[in-house]
Amino acid sequence: MKRCSGLVDVGRRQFLGGGTAAIAGAAAVATVPRQAKAAPVKARVEYPSSRLANVKDLKTNEPLEVSYPDTDAPGVLLKLGKRVEGGVGSDGDIVGFTTVCPHKGFPMAYATADRTFNCPGHYSRFDAEKGGQQIWGQASQNLPQYTLRVDRKGDIYAEGIDELLYGRLSNVL
8 MKRCSGLVDV GRRQFLGGGT AAIAGAAAVA TVPRQAKAAP VKARVEYPSS RLANVKDLKT
68 NEPLEVSYPD TDAPGVLLKL GKRVEGGVGS DGDIVGFTTV CPHKGFPMAY ATADRTFNCP
128 GHYSRFDAEK GGQQIWGQAS QNLPQYTLRV DRKGDIYAEG IDELLYGRLS NVL
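8 is the number of the first residue of the sequence shown in the numbering used here; add one for each residue after it.
What follows is the structure, encoded as structure tokens:
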């Protein structure tokens with residue numbers, strides 16, 4: 008009888024020991040209770056309410072430069088012209104974002120053609136119509152979005168941010 012030269016001679020004890028370990032591992036995995044998947048929760052951070060602009064100051068798809076929660080945190084307000092995630096105002100189309108890339112802190116530019124924020128450092132891109140969702144690049148989090156409120160006079164207030172701002176150890180002032 009010919010023997011295959013590629014076979015490894017495994018003794019009965021080694022074979023049974025390996026098989027027992029595999030069965031025990033599979034049994035352990037099977038007995039771990041499965042948890043229901045919870046919806047992702049954004050880490051909304053409370054900041055003092057701050058007036059950023061008035062609805063009349065906004066033009067569709069043109070960023071209005073603002074700073075929030077302080078002067079060291081540049082950002083923009085946008086009126087996108089259609090209802091979007093996190094949008095406020097009568098049309099649900101006003102959003103605000105920081106313009107500092109969450110990856111390495113590069114200042115970002117808004118591209119009106121495809122409504123994205125683009126980082127010149129490592130080419131991360133973020134979708135303004137989808138709550139600042141990262142769509143490309145090195146960043147490991149979405150673009151921080153402002154929690155906004157519009158009062159009866161049309162004044163737009165920022166009242167928090169849903170992600171950690173780049174360069175801050177915490178989002179507590």
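Idealized CB from N, CA, C, for every residue including glycine.
DSSP state of residue i mapped onto helix, strand, coil
i	result
Glu72	strand
Asp64	helix
Lys86	strand
Thr78	coil
Asp162	strand
Gln148	coil
Tyr173	coil
Alpha carbon of residue i to alpha carbon of residue j, nearest angstrom
i	j	result
Val83	Asp121	16 Å
Asp134	Lys86	14 Å
Glu69	Thr119	7 Å
Leu171	Gln145	16 Å
Leu150	Arg175	14 Å
Arg159	Pro76	22 Å
Closest by C-alpha distance to residue i, when choosing among the options
i	options	result
Glu136	Tyr164, Gly174 and Phe124	Phe124
Tyr117	Arg132, Gly128 and His110	Arg132
Leu155	Gly167, Gln148 and Gly161	Gly167
Asp162	Cys126, Ser147 and Ile101	Ile101
Gln152	Val107, Pro127 and Phe113	Val107
Let me know the alpha helix (DSSP H) ranges lying completely inside the segment 88 to 146, each 4 residues or longer, listed in chain order.
Listed in chain order, the alpha helix (DSSP H) runs fully inside the segment 88 to 146 amount to none, counting runs of at least 4 residues.
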